[in-house]
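Let me begin by presenting the structure, written as structure tokens, before commenting on it.
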Amino acid sequence: MNVWIIAEHKADIITDGTLEAIGTGRLISNKLNAKLFIVVLGYELFVLSKNLSNAGADNVYLLETPLLSQYTSDAYIGSLFPLIKQHQPSVILIPSTCNGRDLAPKLAAKLKTAYASDASKIDIDREIFFTRPAYGGRLLSTVTCRGEKPWIITLRPRAFGKFAGASKIAKIEKHAIDISSSSIRTMIKGFERTQKGVGLTEADIIISGGRGMKKAENFKMLEELAKILGGVVGASGAAVDAGWMPHSAQVGQTGKVVSPKLYIACGISGAPQHLAGMSTSKCIVAINKDPDAPIFKVADYGIAGDLFEVLPILIEELKR
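In this note's numbering, the protein residues as written are 1109 to 1428.
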């Protein structure tokens, strides 16, 4: 039995999501007496391969070609499919990022195998059980996979710890790739930065506002609070739909899925779509004048009060 990690990287640096996947993969492989493999796709991977040699895996597979210099699902699936068929891993873990959520279901469909998305917890007792949000984040369901392997699982960012054990030196293997440019139906022309600084999915602290903020100007209070705490500002779907915040700031099922250390929800009632994007946060604080708002059911701490009275007091106290 082998466990694979499909690695993500930027500028020769492995992403935090991949390091978390390696930690989870190491746990699974140790419990099931399996080997852990990291699969890296890209171009000019020499520096990255050196960094990965002691990242916690038994083996590192390098798939290298100019056609993999940017992520496209066609190029990734075309490269991974024959390798998977040849080596037959049992479990493939993929970070639940934009690219990961695009790749995983397509790869599972190509392989005709099981797929579980957005796992926030893994338990092992002869079988592997994955806990994931259901019904828009209102429930947590525990699932396991059946049938043809490999099972493909995406891991919710920041829900798992990074690998912290003693590392042995992994064996690095380069594998030939047989894909052509004609098989790639999409091409990345460039990227446009929509926000400065730390993004929502990487932030330790998020201050989010909803319909209760009433207007765009009131988000300045959240920006001030975020600056004091060293966090970033997010928004509910209702606030984005009202034009108060850009879509890049939206937390929820149709926005960003986040798991910060601290999530402060201001004027957010707690629609299922929003809860699906933040319910695995380590600590949730809700401020809402409606004591029956659904957000309080997932909150660790709640303030049933007018946010326009609560926030100024909180900001002044934190400034001291």
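Glycine included, each C-beta is placed from N, C-alpha and C at the ideal position.
Scanning its chain for C-beta atoms nearer than 8 Å, with the 5 sequence neighbours on each side dropped, one finds around Gln1196 the residues Asn1110, Lys1257 and Pro1258, in chain order. In this chain, Ala1217 is not harboured by any beta strand (DSSP E); it is covered by the alpha helix (DSSP H) spanning Cys1206 to Leu1219. Using a 10 angstroms sphere on the CB of His1382, the tally of other CB atoms reaches 16 or more, which defines it as buried. Per DSSP, the unbroken alpha helix (DSSP H) holding Ala1346 starts and ends at Gly1345 to Asp1349. In this structure, Gly1125 places its C-beta atom within 8 Å of the C-beta atom of Thr1205. The beta carbon of Val1148 sits closer than 6 Å to those of Ala1115 and Leu1170, all from its chain and outside the five residues before and after it, given in chain order.
Annotation: Ile1121 to Phe1268 spans about 19 Å, alpha carbon to alpha carbon. Beta-bridge pairing by DSSP links Pro1197 to no other residue. In the structure shown, Asn1396 adopts extended strand secondary structure according to DSSP, grouped into three states.
Ile1313: member of the beta strand (DSSP E) spanning Ile1313 to Gly1317, first to last residue.
Counting of Cβ neighbours within 10 angstroms places Ala1324 among the exposed residues, the total staying below 16. Put simply, the region 1276-1284 does not touch the region 1206-1218. Fewer than three CB pairs are less than 8 Å apart. An exposed status is given to Asn1138, since fewer than 16 other beta-carbon atoms sit within 10 Å of its beta-carbon. Listed in chain order, the beta strand (DSSP E) elements of length 3 or more contained wholly in the region 1152-1191 are 1167-1172. Leaving aside the five residues that flank Lys1270 on each side, the residues in its chain whose CB is nearer than 6 Å to its CB run, in chain order, Leu1127, Glu1128 and Gly1131.
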